[in-house]
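**Q** For the sequence shown, this note's numbering gives the first residue as 3, with consecutive numbering after it. C-beta atoms are modelled at their ideal positions from N, C-alpha and C, and glycine is treated no differently. Predicted model, so just to flag it, every value in this text is computed and none were measured.
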Amino acid sequence: RSCGYGIDACGDKDLAACARADANSFRDALLEKGLVGSSITRVLGTVRSVFNFAAAEIGISVNNPFAGVYYDRRAGVEDREPLPINAIRSLQKLCKAEDDDLRWLVALVSDTGMRLAEAAGLLVEDIQLSGPIPHVVVREHPWRRLKTSGSTRTVPLAGASLWAAQRLVAEVRDSRFAFPRYNRTDRTNANSASAALNKWMKPYVSEKGTMHSFRHSMRDRLRAVECPADIVDQIGGWQTEGIGHGYGTGYPLDVLAKW
């Protein structure tokens with residue numbers, strides 16, 4: 003998609019023919035699309051990396067015109083707002099009252115801090131309720147990639163998330179997907195899930211409150227009980243800095259469940 007944007011703006015050119023003017027035209031085209039600064043950063047970063055990789059594979063030495071392009075990286079970017087705990091509890095009560103697949107998805111995210119796409123792309127078999135510690139296995143699937151390598155993880159189920167998982171396993175019979183409505187093609191439609199659930203939540207949360215706010219709230223909730231930062235990172239699938247964190251397999255499930 004990102005490279006397609008570039009070709010639309012600059013044409014399908016030989017690498018050596020790409021100039022700074024092309025990169026600037028590409029930037030201007032992204033601005034005209036209405037993309038915010040953070041989205042432009044992602045798109046340009048992808049194209050820049052593809053350009054470098056292709057040049058290295060071909061064996062040519064050429065300056066990358068997509069490096070160091072100027073634009074306002076903060077333009078249009080709004081700070082994410084975590085949901086206060088009373089709002090989370092109110093939403094969880096509403097989920098249990100309405101008790102359908104959309105509300106199961108909200109509840110599952112609310113007490114795990116999973117990304118919405120991670121939850122929407124789950125298989126029923128990814129939800130493990132047998133054994134002493136119910137949990138969900140977040141892993142990459144062909145229909146739903148994960149954001150980073152550290153996003154592969156096991157997350158304990160508790161509270162509303164455990165209730166949602168139990169309802170899913172009990173009710174989803176005719177599909178291997180936990181949320182079939184968002185997996186009718188070869189890609190999990192997380193954008194559709196986000197639009198529908200944000201619209202449902204809107205009357206009950208602040209103006210900046212969204213489904214992604216649950217993820218910010220989970221980080222704050224774990225901080226509030228003085229959970230060690232590397233355990234927080236493992237639960238949420240955030241990248242932990244430092245060479246030592248690349249060793250071993252991480253904390254066992256019972257330690258994660260305790261926190």
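Assuming Q130 and V139 make a contact with CB atoms under 8 Å, what is their CB distance in whole Å?
**A** Residue numbering aside, residue 130 sits at position 128 when the sequence shown is read from its first letter. Residue numbering aside, residue 139 sits at position 137 when the sequence shown is read from its first letter. With a Cβ gap of about 7 Å, Q130 and V139 count as contacting.
**Q** Go through its chain and collect everything with a Cβ distance to M220's Cβ below 7 Å, but skip five positions before and after it.
**A** For the purposes of this step, residue 220 is taken as the residue at position 218 of the sequence shown. Cβ within range, chain order: G115, G238.
**Q** Determine, using beta-carbon pairs with one atom in the stretch 43-54 and one in the stretch 67-87, whether at least three such pairs fall under 8 Å.
**A** Taking 8 Å as the limit for Cβ pairs, the verdict is that the stretch 67-87 does touch the stretch 43-54.
**Q** By Cβ distance, which residues of its chain are closer than 8 Å to V207, with the 5 residues on each side in sequence left out?
**A** In the sequence shown, counting from the first residue as 1, residue 207 sits at position 205. The answer, listed in chain order, is L85, A89, L93, S215.
**Q** Leaving aside the five residues before and after R183 along the sequence, list all residues of the same chain whose C-beta is less than 8 Å from its C-beta, in chain order.
**A** One-based indexing of the sequence shown puts residue 183 at position 181. D103.
**Q** Pick from Y73, H218, N193: whose alpha carbon is nearest that of I87?
**A** Within the sequence shown, residue 87 is the residue found at index 85, counting from 1. Residue H218 is the option with its Cα nearest to I87.
**Q** Rounded to whole angstroms, what is the Cα-Cα separation between G152 and V234?
**A** Translated into positions along the sequence shown, residue 152 becomes position 150. Translated into positions along the sequence shown, residue 234 becomes position 232. So the alpha carbons of these two residues sit roughly 12 Å apart.
**Q** Quick check: A180 and V108, are their CB atoms within less than 8 Å of each other?
**A** The residue given as residue 180 occupies position 178 in the sequence shown. The residue given as residue 108 occupies position 106 in the sequence shown. No, the pair does not count as a contact, with Cβ atoms beyond the cut-off.
**Q** Between which two residues does the beta strand (DSSP E) carrying V139 extend?
**A** Locating residue 139 in the sequence shown gives position 137, where the first residue counts as 1. First-last of the beta strand (DSSP E) with V139: 137-140.
**Q** Under 7 Å Cβ to Cβ from N185, same chain only, skipping five residues before and after it: list those, please.
**A** Working through the sequence shown from its first residue, we reach residue 185 at position 183. Same-chain partners within the cutoff: G123, W145, F179.
**Q** Once you ignore the five residues that flank A99 on each side, which residues in its own chain have a CB closer than 7 Å to its CB?
**A** Position 97 of the sequence shown, counted from the start, is the residue given in the question as residue 99. Nothing meets the Cβ criterion.
**Q** Assuming contact is defined by CB atoms lying nearer than 8 Å, are A57 and L17 in contact in what I supplied?
**A** Position 55 of the sequence shown, counted from the first residue, corresponds to residue 57. Position 15 of the sequence shown, counted from the first residue, corresponds to residue 17. Taking 8 Å as the Cβ cut-off, A57 and L17 qualify as a contacting pair.
**Q** Check I62 in the structure and name its three-state DSSP category.
**A** To locate residue 62, count along the sequence shown from 1; it is residue 60. The answer is coil: DSSP assigns I62 none of H, G, I, E or B.
**Q** Would you mind stating whether A167 and L110 have Cβ atoms separated by less than 8 Å?
**A** The count along the sequence shown starts at 1 and reaches residue 167 at position 165. The count along the sequence shown starts at 1 and reaches residue 110 at position 108. Cβ distance < 8 Å, so A167 and L110 count as in contact.
**Q** Let me confirm a value: A121 is counted as buried when at least 16 other C-beta atoms fall within 10 Å, else exposed. Which label applies?
**A** Translated into positions along the sequence shown, residue 121 becomes position 119. By the 10 Å Cβ count, A121 comes out buried.
**Q** Which of the three DSSP states, helix, strand or coil, is assigned to V157?
**A** For the purposes of this step, residue 157 is identified with residue 155 of the sequence shown, where counting begins at 1. Correct three-state label for V157: strand.
**Q** Grab the span of the alpha helix (DSSP H) containing D235 for me, first residue to last.
**A** Position 233 of the sequence shown, counted from the start, is the residue given in the question as residue 235. Run containing D235: 231-238, per the alpha helix (DSSP H) assignment.
**Q** In three-state DSSP terms, what is Q168?
**A** The residue given as residue 168 occupies position 166 in the sequence shown. Residue state, collapsed to three classes: helix.
**Q** Within a Cβ cutoff of 7 Å, which residues of the same chain sit near A119, ignoring the five residues on either side of it in sequence?
**A** Translated into the one-based positions of the sequence shown, residue 119 becomes position 117. Excluding residues within five positions, the ones whose Cβ falls inside 7 Å are R146, T190, A192.
**Q** Under 8 Å, do A162 and S112 count as touching if we go by C-beta distance?
**A** Stepping through the sequence shown from its first residue, residue 162 is reached at position 160. Stepping through the sequence shown from its first residue, residue 112 is reached at position 110. Result yes, Cβ atoms of A162 and S112 sit closer than 8 Å.
**Q** Between which residues of its own chain and G252 is the CB-CB distance below 8 Å, once the five residues before and five after are set aside?
**A** Taking the first residue of the sequence shown as 1, we reach residue 252 at position 250. Hits under 8 Å: R155, Q236.
**Q** According to DSSP, which residues form a beta bridge with F179?
**A** The residue you call residue 179 lines up with position 177 of the sequence shown. DSSP, once it has assigned bridges, lists L125 as partnering F179.
**Q** Pull the bridge partners of Q130 from the DSSP assignment, please.
**A** The sequence position of residue 130 within the sequence shown is 128, counting from 1. DSSP, once it has assigned bridges, lists H137 as partnering Q130.
**Q** Taking buried to mean at least 16 other C-beta atoms within 10 Å of its own C-beta, is V257 buried or exposed?
**A** Taking the first residue of the sequence shown as position 1, residue 257 is located at position 255. The residue in question, V257, is exposed, as its Cβ has fewer than 16 Cβ neighbours within 10 Å.
**Q** Are A259 and P158 closer than 8 Å when you measure CB to CB?
**A** For the purposes of this step, residue 259 is taken as the residue at position 257 of the sequence shown. For the purposes of this step, residue 158 is taken as the residue at position 156 of the sequence shown. The answer is yes: Cβ separation under 8 Å.
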